[in-house]
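Q:
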Amino acid sequence: MPGPSPFADDWRECLGTHYQYTIRNQDAVTERTLTDVMRRVGFSDQQLAELRVLATMRAEEMPPDYVPDMELLTTLAQAENASPPENFQIAVPEMPEEDVIIEDVIPEEIVTEIEILEQVEDEPESEPEPPKAADGPVQYSMF
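38 is the number of the first residue of the sequence shown in my numbering; add one for each residue after it.
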């Protein structure tokens, strides 16, 4: 059968939908092989990136005619993947050398409130009183 297949566009659309499904389900094995097949049939890296964005964005939060800005998303992805500078250091706060006693730091009003709450928690809960007998018939539970 010479010439392009009349179903080529449908097949490419099906591949794109399957790629999005694979991304959503985080199927790394299928993603690897499907990406290779899609590149062989003419999908560009830009098209694959667009399909990945469509697969990972939350559709219920977007209006029906929303189209993401691919350049902005590419810039953001590159910024996230950038390595920290070589002289990057995490600032560690200095710890006080003397031991801090919590009672000295917490105001006395809060300490008394905490003690009251602890006393209330320690008290046993009283049993609820059974309901008084009704004048009419009473329905009993079978379970």
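Ideal Cβ placement from N, Cα and C applies to all residues, glycine included. This one's a predicted model, so the numbers in the text were calculated from it and none came from an experiment.
In this structure, how does DSSP classify Asn-62 when only helix, strand and coil are distinguished?
A: Walking along the sequence shown from the start, residue 62 turns up at place 25. Three-state result, Asn-62: coil.
Q: Do Glu-50 and Thr-59 have their beta-carbon atoms positioned less than 8 Å apart in this structure?
A: Locating residue 59 in the sequence shown gives position 22, counting from the first residue. Locating residue 50 in the sequence shown gives position 13, counting from the first residue. The answer is no: Cβ separation not under 8 Å.
Q: On the criterion of 16 or more Cβ atoms from any shown chain inside 10 Å, does Tyr-56 qualify as buried, or is it exposed?
A: Here residue 56 refers to the residue found at position 19 when the sequence shown is read from its first residue. Answer is buried; the Cβ neighbour count reaches 16.
Q: When the distance is taken between beta carbons, is Leu-91 closer than 8 Å to Met-75?
A: One-based indexing of the sequence shown puts residue 75 at position 38. One-based indexing of the sequence shown puts residue 91 at position 54. Going by C-beta atoms, Met-75 is not nearer than 8 Å to Leu-91.
Q: Would you kindly work out how many angstroms separate the C-alpha atoms of Asp-47 and Pro-101, rounded to a whole number?
A: Counted from its first residue, the sequence shown places residue 47 at position 10. Counted from its first residue, the sequence shown places residue 101 at position 64. Answer to the nearest angstrom: the Cα atoms are 22 Å apart.
Q: Pull up the distance between the alpha-carbon of Thr-54 and that of Thr-111, whole angstroms please.
A: Reading the sequence shown from its first residue, position 17 is the one you call residue 54. Reading the sequence shown from its first residue, position 74 is the one you call residue 111. Cα to Cα, Thr-54 sits roughly 21 Å from Thr-111.
Q: Note down the Cα distance separating Pro-41 from Leu-71, rounded to an integer number of angstroms.
A: Counted from its first residue, the sequence shown places residue 41 at position 4. Counted from its first residue, the sequence shown places residue 71 at position 34. Between Pro-41 and Leu-71, the C-alpha separation is close to 22 Å.
Q: Exposed or buried, which one is Phe-44 when buried takes at least 16 other CB atoms within 10 Å?
A: For this step, residue 44 is matched to residue 7 along the sequence shown. Looking at its Cβ environment, which holds fewer than 16 other Cβ atoms inside 10 Å, Phe-44 is exposed.
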